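Quick note on numbering: numbering that gives the first Met the number 0 labels position 120 of the sequence shown as 119, and the sequence is numbered without any gaps. Notes to accompany the following structure.
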Amino acid sequence: MRQAIEEDLPRIVEIYNCAVPTRQSTADINPVSVESRREWFHQHNFHHRPLLVEEQDRTIIGWVSLKSFYGRPAYECTVEVSIYVAAECRGQGIGKKMLKQVLELAPSLGVKNILAYIFSHNEPSIRLFRSCGFELWGVLPKIAQIDDKKYSLSIYGKHLEK
């Protein structure tokens with residue numbers, strides 16, 4: 000994995016937008032534009048809250064980002080993780096590889112706790128995070144509405160220090 004550069008943003012957005020119609024891994028209901036994600040991109044930096052990409056044959060096949068949680072000083076050691084894998088590469092262990100790498104990197108960034116917000120019906124993502132030691136820390140019932148259906152959000156977490 001490597002730090003994303005701005006030239007990667009179109010592919011990052013493309014991978015993200017492929018997840019939108021699945022109604023499984025994002026609360027966006029319409030595709031996003033590269034321009035609308037530019038500020039989000041610039042909020043990441045390798046030494047604090049990285050945005051990393053995974054490549055195969057020089058093509059980006061997935062990305063992972065860490066985002067600060069809640070924006071208050073007491074939570075500085077807690078981050079939210081997001082992982083997206085290209086549709087044609089899902090089910091090949093790429094998400095698990097990226098998650099394990101970011102878990103190894105996190106302590107060097109001062110991260111002690113990692114949260115993942117996952118739609119409760121997204122069983123593949125739940126299996127992924129559980130396989131890496133994340134536990135269910137909470138459920139927000141029926142808080143998202145997409146296509147006239149209500150969805151619950153599960154919060155998975157992991158403490159990196161015992």
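Backbone N, C-alpha and C fix where the C-beta goes; we use that ideal spot for every residue, glycine too. No experiment lies behind these values; they were computed from the predicted model shown.
Can you give the beta carbon distance from residue i to residue j, rounded, assuming they're within the 8 Å contact cut?
i   : j    : result
H47 : L114 : About 17 Å separates the two Cβ atoms, so there is no contact after all.
Q2  : P72  : With 8 Å as the limit, Q2 and P72 do not qualify as a contact, their Cβ atoms being about 26 Å apart.
D7  : I59  : 6 Å
V33 : L51  : Contact doesn't hold; Cβ gap of about 18 Å is too wide.
If you reduce the DSSP assignment to three classes, tell me which class residue i lands in.
i    : result
S151 : strand
A85  : coil
F128 : helix
G94  : helix
Q144 : strand
N121 : coil
V108 : Reading off the sequence, residue 108 comes out as Leu, not Val. In the structure shown, L108 sits in a helix (DSSP, three-state: H, G or I).
E5   : helix
L114 : strand
If we ignore side chains and look at the alpha-carbon of each, how far apart do residue i and residue j end up?
i    : j    : result
H158 : P106 : 11 Å
K66  : I117 : 15 Å
F68  : V31  : 22 Å
C88  : K111 : 30 Å
I142 : R22  : 14 Å
Q91  : D147 : 32 Å
G132 : D56  : 30 Å
S35  : M0   : 24 Å
E103 : E122 : 24 Å
L135 : F128 : 10 Å
V101 : S81  : 11 Å
G156 : P140 : 17 Å
Excluding the 5 residues flanking residue i on each side, which residues of the same chain have their C-beta closer than 6 Å to its C-beta?
i    : result
S119 : S151, S153
V84  : G61, I93, G94
I11  : W62
A86  : C17
I14  : Y83, A85
Might you give, ordered along the chain, the residues of its own chain that have their beta carbon closer than 8 Å to the beta carbon of residue i, omitting 5 neighbours on each side?
i   : result
F40 : A3, E5, L8, I11, L50
Within 7 Å: the Cβ of residue i and any heavy atom of the ligand FAD?
i   : result
V19 : With respect to small molecules bound, the structure shown includes none, and the ligand FAD cannot be examined in it.
Looking only at its own chain, which residues have a Cβ that is under 7 Å from the Cβ of residue i, when we skip the five neighbours before and after it?
i    : result
S124 : S24, I117
Requested in this report: Let me know the alpha helix (DSSP H) ranges lying completely inside the segment 29 to 71, each 4 residues or longer, listed in chain order.
Outcome: 33 to 41
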